[in-house]
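Residue numbers (the numbering used here): 1448 to 1607.
Beta carbons are placed, not taken as given, at the ideal position from N, Cα and C, and that holds for glycine.
Given the structure is predicted, the values throughout are model-derived calculations rather than measurements.
Beneath this line is the structure, given in C-alpha cells, with notes to follow.
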Amino acid sequence: MPIERRSSSAQIRSILLALVALIFAVTLGYALIRAANGDTGATSRENRSVGGTWNTGSAESKAKSIAADGPILLPDPTGAQQTPIAISHVGDDFRTGWYVFAARPEGRSADCFLRWDADADVFTTNCGDETWDITGEGLRHFGATVTKDGDLIVDFRAGS
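Pasting the structure below:
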C-alpha cells in the first residue's frame, strides 16, 4: 500500500495547527487552575490582603446578633489568614457604636486569638492573661461605617 507524500506547505500547516492547539490547551489549563484557586487577577490579589474595604451586610442584623450572642469573631474575612478580626457593637442605634479590631494582640503567635468571655463581658486570649473590653481598646482598630442602605462597611485602610 503506498504512503501519501505530503507537500512541505501541508506539513507546515499541520505543525502550526498543532502549536496553536498546544498553546490553547496550556492557556486554558492555566486559567482553570487560577479560577480553581479563586484568583481572578490583580484586583482579587489586592482584596485578599488587609488593605481594602469589606461590606459585611446588614448592620441591623449584626447589632441584634451581637446583643444576643456577643461580638463576632472571624478568622480573616479577606481570606489571607493573616488578620483575624472582632466586630462588636455598643448602644441601641445600629448606625453607630461599631468597633472592628484585630482579634490577635500585636506581636503574638499566629495561633493566639481573642475569645469572648460573656460572664465577665471581656475579651481574653488563649495565650495570656490580658483582657480587653468590648471596644477592643488597646488593640489595632479598623474603620467601621454604616451606609445609607444599612450595610456595615469595614475599612482595613483606616484606623489605628
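- Counting other Cβ atoms within 10 Å of its Cβ, R1460 stays below 16 and is therefore classed as exposed.
- With fewer than 16 other Cβ atoms from the protein chains shown falling within 10 Å of its own Cβ, Y1477 counts as exposed.
- In the structure shown, the three-state DSSP call for V1537 is coil.
- Closest in alpha carbon position to D1566, among D1516, K1509, A1510, is D1516.
- Per the coordinates, the alpha-carbon of L1561 lies some 19 Å from the alpha-carbon of A1510.
- Beta-bridge partners assigned by DSSP to S1505: D1598.
- Where A1482 is concerned, there is no enclosing beta strand (DSSP E), although the alpha helix (DSSP H) around it starts and stops at 1455-1483.
- Annotated three-state conformation of D1516 is helix, per DSSP.
- When beta bridges are read from the DSSP output, R1562 appears opposite T1571.
- One alpha carbon belongs to D1580, the other to T1500, and they sit about 25 Å apart.
- Cβ neighbours of L1521 within its own chain (closer than 6 Å, five residues either side excluded): I1532.
- Taking C-alpha positions only, A1482 is separated from N1502 by approximately 23 Å.
- Going by DSSP, T1592 is part of the beta strand (DSSP E) stretching over 1588-1593.
- Here D1523 has Q1529, T1530, P1531 as same chain residues with Cβ atoms under 7 Å from its own Cβ, once five neighbours each way along the sequence are excluded.
- Taking one beta carbon from each stretch, the segment 1550-1564 and the segment 1589-1603 have fewer than 3 pairs nearer than 8 Å; the two do not touch.
- Contact annotation: S1512 and I1519 have beta-carbon atoms nearer than 8 Å.
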